[in-house]
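Here's the structure, in structure tokens; my notes come after.
There are 2 protein chains.
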Amino acid sequence: MRKKFAVGIDLGATNVKYGLISSDGKVLYGTLQPLPESKNRRRVWEVIHSAMAEVLNRAQSQKRKISHIGIGSPGTVNFLTGKVQGFSPNLPFWIGVNLKQGINRRFPEYEVFADNDANVMALAEYQLGAGRGFKDILCLTLGTGIGGGLILNGKLYRGSRYFGGEFGHMPIRYQGRRCLCGGKGCVEAYASVPALLREIRSLLRRRRDSVLKDWLRGDSKKLTSQLVMEAFKLGDEVATEAVDRLVEALAAGIVGVVNLLNPEAVIIGGGLADSGEVFIKRIRMAVRERGMSSNTRGLKILRAKLGNRAGFIGAALLGWQRGKESQR
Amino acid sequence: MRKKFAVGIDLGATNVKYGLISSDGKVLYGTLQPLPESKNRRRVWEVIHSAMAEVLNRAQSQKRKISHIGIGSPGTVNFLTGKVQGFSPNLPFWIGVNLKQGINRRFPEYEVFADNDANVMALAEYQLGAGRGFKDILCLTLGTGIGGGLILNGKLYRGSRYFGGEFGHMPIRYQGRRCLCGGKGCVEAYASVPALLREIRSLLRRRRDSVLKDWLRGDSKKLTSQLVMEAFKLGDEVATEAVDRLVEALAAGIVGVVNLLNPEAVIIGGGLADSGEVFIKRIRMAVRERGMSSNTRGLKILRAKLGNRAGFIGAALLGWQRGKESQR
């Protein structure tokens, strides 16, 4: 059988990652183009189109036939129509965009598949990453926001109107903080990067000793989640306390899904997960402590394997899923 | 085509409901037998076997051929093996029982299907009750405990090891009350009948005026959820405040599922739902207020239709589900 190839695109808040993938999951090429600081619809489309022109040229020069294009995007995406429908705090102007039409406008000769960024990440990890061999998994990305994707019975579960998977907006403290989504006490309000940084700032104001104080030298704007996770791995007390609080909230959200859906595995990716196994281990312990033992016994909590390539890989895979027409 | 018939059994904490159902969902006969106050495995089996003997005799005298027997039971039930595995606070001695073997011991000639009580309720409401016409639903029973059943893509979703559906044990206040399940801040700890009664007692101690005080005449042991819901419907302040608190917690749990799974409908049954549409309306409002608008728009929140017959009807239906062999 001749190999097939597809283009995968992962639109993020700061850049467009993309690449060329073969149907057996090999990444033949992968790169990114930054988005401009000041963004609007037109500018984002310019970057996407330029990225696509580049990768399609490359494929042509290598005589590789492209079977389709897949794109993962922030916001909730209607998989059938390609329209961005829901909540997209980092790219608010993107709501209402039609991803399929936007791509076909410049490149009418290709079939286009479009889905939510966390969904395509889940698909990639399921087929080629940490989720291989499982049939029921929850995939999370921990970053500025918290994204979720569900594989149930071996298929991406999108919900009745394609708005499923919003793990970040499950309430874990029902009388708690207001969330941008309109809800209250969502996981995202306690376990995202902004929540972590807020916690650190508040602890630093109250306490004296932390390696973070030395690193920041009074400029708290320099604080990043990478620095916090470095300090956490060194055993810094302030960082450890803040990470433990984040883990407690995150674990409660995971336990909600584990008790409700009894998945085989939870796969954790995104910026915070990059800090490594120590962090995942804490999550694992907190979930075991709180979850129903029937549901946590045998449950795997694993770090995502594909890193920041998961998005464009999963986007390319959208066109090769079994029974893709009937999926919801 | 000749009609087929099945026996359905619904084991509860205080009685065994059972009946004879035709494959097109008609209840030809339905009744119950109480369980003794002091219960153990042997006594529960005696009641189940006596109920089955009665209904099978009746079917025989009417010359109706029984195609199978279905049973819904508290605890998490392994659908394949028939074993009660998980958490069962109301019938703790029941864990470890094998439902299929227990029935076949006395009635070896029938194929037996067994599942969790909330799952069979969900199946009945989906096929014959308030869930007809939807493909993705969450079914809840509000009582001493809070049970949950999920229909996803038109099929009962059981999870990877049959422990799915535990809506009552999703954390909604992650630093909150300890729950019997080992977790913290579960929906059940805030939205079950015991939680409601505790709230009422605490309010009555602090306030003077409530119709409940007149009804109870100082004997707070007489307090029941029925009385509370009566007072709530009369507009009693104490009852309204307690019900509103319960609704707030329950709605947070529902929002978690709605944001995660984007179902078409949530169906609410069990003792508390019997109090009627006013109560359901409050839940509907609270869910709309907190949920992501993309996911609550078009969402139906409905009262269960089959009442306390849903359990044995759904149990009988277990044997007639499409593709039942491969279901998990």
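Which chain is which? The protein sequence lines are A and B, in order.
Per the numbering used here: the first sequence = residues 266 to 593.
Per the numbering used here: the second sequence = residues 266 to 593.
By construction, the Cβ of each residue, glycine as well, lies at the ideal position given by its N, Cα and C atoms.
Quick caveat, the model's predicted, so the values are computed rather than measured.
Asked                                                                                                                                                                           : Found
Are the C-beta atoms of Cys-446(A) and some chain B residue less than 8 Å apart?                                                                                                : yes
Considering Cα atoms alone, identify which of Arg-463(B), Asp-474(B), Leu-356(B), Ser-540(B) is closest to Ser-303(B).                                                          : Leu-356(B)
Please confirm if the region 414-430 of chain B is in contact with the region 556-564 of chain B, defined as three or more CB-CB distances below 8 Å between the two stretches. : no
Which same chain residues, not among the five before or five after Ser-353(B), have their C-beta less than 7 Å away from its C-beta?                                            : Pro-339, Gly-340, Trp-359, Ile-360
Any idea what DSSP makes of Asp-501(B), helix, strand or coil?                                                                                                                  : coil
Under a three-way DSSP split, which group does Tyr-427(B) fall into?                                                                                                            : coil
List the residues of chain A whose Cβ lies closer than 7 Å to the Cβ of Ser-558(B), in chain order.                                                                             : Gly-447
Could you check whether the Cβ of Gln-594(A) sits closer than 8 Å to any Cβ belonging to chain B?                                                                               : As displayed, chain A neither begins before 266 nor continues past 593, which places residue 594(A) out of reach and without an answer.
Quick check: the region 288-306 of chain B against the region 572-584 of chain A, are at least 3 beta-carbon pairs closer than 8 Å?                                             : no
Whole angstroms is fine: what's the gap from Leu-669(B)'s alpha carbon to Val-552(B)'s?                                                                                         : Here chain B has residues from 266 to 593 only, and residue 669(B) is not among them.
Less than 8 Å between CB atoms is the rule here; does Gln-586(B) satisfy it with respect to chain A?                                                                            : no
Between the C-alpha atoms of Gln-592(A) and Leu-526(B), what's the straight-line distance to the nearest angstrom?                                                              : Note that Gln-592(A) scores a pLDDT of 46, beneath 50, so its modelled location is shaky; the value from the coordinates is reported in the next line. C-alpha separation (whole angstroms): 14 Å.
Cα separation between Ala-538(A) and Ala-271(B)?                                                                                                                                : 52 Å
Measuring only between beta-carbons, confirm whether Ala-507(A) sits less than 8 Å from chain D.                                                                                : No chain D appears in this structure, whose protein chains are A and B.
Can you name the start and end residues of the beta strand (DSSP E) that Ala-530(B) belongs to?                                                                                 : 530-534
On the three-state DSSP scale, how would you describe Asn-381(B)?                                                                                                               : strand
So, under 8 Å CB-CB, Ile-368(B) and Ala-387(B) are touching, yes? Tell me the CB distance rounded to an integer number of Å.                                                    : So it is not a contact: roughly 22 Å between Cβ atoms.
Nearest to Ile-334(B) by CA position, among Gln-298(B), Val-309(B), Arg-371(B), is which residue?                                                                               : Arg-371(B)
Helix, strand or coil for Gly-396(A)? Go by DSSP, reduced to three states.                                                                                                      : coil
Between Leu-492(B) and Asp-509(B), what straight-line distance do the alpha-carbon atoms span, to the nearest angstrom?                                                         : 16 Å
Given that Phe-432(A) touches chain B, what residues does it touch there, using C-beta distances under 7 Å?                                                                     : Leu-525
State the Cα-Cα distance for the pair Glu-453(B) and Asp-382(B), rounded to the nearest angstrom.                                                                               : 16 Å
Would you tell me roughly how many angstroms separate the C-alpha atoms of Pro-373(B) and Leu-300(B), rounded to the nearest one?                                               : 24 Å
Anything in the region 513-541 of chain B with a Cβ closer than 7 Å to a Cβ of chain A? List those residues in chain order, please.                                             : Glu-513, Ala-514, Ala-517, Val-520, Gly-521, Val-522, Asn-524, Leu-525, Leu-526, Asn-527, Pro-528, Glu-529
Report yes if the C-beta distance between Val-476(A) and Leu-462(A) is below 8 Å; otherwise report no.                                                                          : no
For a minimum of 4 consecutive residues, which ranges assigned as the alpha helix (DSSP H) are wholly contained in the region 504-575 of chain B?                               : 542-555, 558-561
According to DSSP, is Ile-437(A) part of a helix, a strand, or is it coil?                                                                                                      : coil
Short check: CB of Ile-336(A) to CB of Val-377(A), under 8 Å?                                                                                                                   : yes
Can you name, in chain order, every residue of its own chain whose Cβ lies under 6 Å from the Cβ of Asn-573(A), other than the five neighbours on each side?                    : none
For chain B, check one thing: does any of its Cβ atoms lie closer than 8 Å to the Cβ of Arg-568(A)?                                                                             : no
Would you mind working out which of Thr-409(A), Leu-421(A), Gly-413(A), Ile-465(A) sits nearest Gln-392(A), comparing C-alpha positions?                                        : Leu-421(A)
I'd like to confirm the pairing. Which residues does DSSP put opposite Tyr-283(A) in its beta bridges?                                                                          : Ile-274(A), Thr-296(A)
Identify the contact partners of Arg-466(B) in chain A, using a Cβ-Cβ distance below 9 Å as the criterion.                                                                      : Within 9 Å Cβ-Cβ: nothing; Arg-466(B) doesn't reach chain A, min ~21 Å.
With DSSP collapsed to three states, give me the class of Leu-469(A).                                                                                                           : helix
CB Ala-514(A) to CB Tyr-455(A), shorter than 8 Å?                                                                                                                               : yes
Return the CA-CA distance between Lys-328(B) and Leu-364(B), expressed in angstroms with no decimal places.                                                                     : 26 Å
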